[in-house]
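K.L.:
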Amino acid sequence: MTNKLGPYKNTPVTNTGFLDIFKPVPIPVAGNDVLYEILPQYNYRPDLLAYDLYGKKELWWVFAQRNLDVLKDPIFDFVAGTKIYLPQGSNLRQSIGY
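Under numbering that gives the first Met the number 0, the first residue of the sequence shown carries the number 0, and numbering increases by one thereafter.
1) Return the chain-ordered ranges of every alpha helix (DSSP H) run that is complete within the stretch 36-77 and spans a minimum of 4 residues.
2) Check each candidate in Ile26, Leu85, Phe75 and name the one with the smallest Cα separation from Asp32.
3) Nearest by alpha-carbon distance to Glu36: which of Ala49, Thr81, Tyr97, Leu48 is it?
4) In the DSSP assignment, what residue or residues form a beta bridge with Tyr84?
5) Any idea which residues DSSP pairs Val12 with across the strands?
Listed below in structure tokens is the structure:
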């Protein structure tokens with residue numbers, strides 16, 4: 000079973016209990032997304048930013064999914080000075096149901 004807040008929530012599980020072919024959870028672009036420059040305290044720690052913004056560290060993957068063109072690696076590209084778009088919490092609740 001996959002975590003309902005995790006990046007694999009749309010990915011089916013096989014009969015043998017393994018994840019099937021990855022089906023990404025779309026994070027739609029919205030007009031009220033905020034352009035944000037990653038601060039040094041969040042270097043390599045999208046989980047901390049997710050917790051500070053949304054109250055859920057499990058939403059760390061949202062930043063990479065929303066910023067596919069910037070964050071090729073969701074951890075090691077998450078460095079101070081990088082500019083990314085942050086989805087509003089209300090938009091995430093609608094799109095992924097957290």
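Positions of the beta carbon are idealized from the N, C-alpha and C atoms, including for glycine.
P.N.:
Let me spell this out:
1) 45-53, 60-65
2) Leu85
3) Thr81
4) Leu34
5) Leu18
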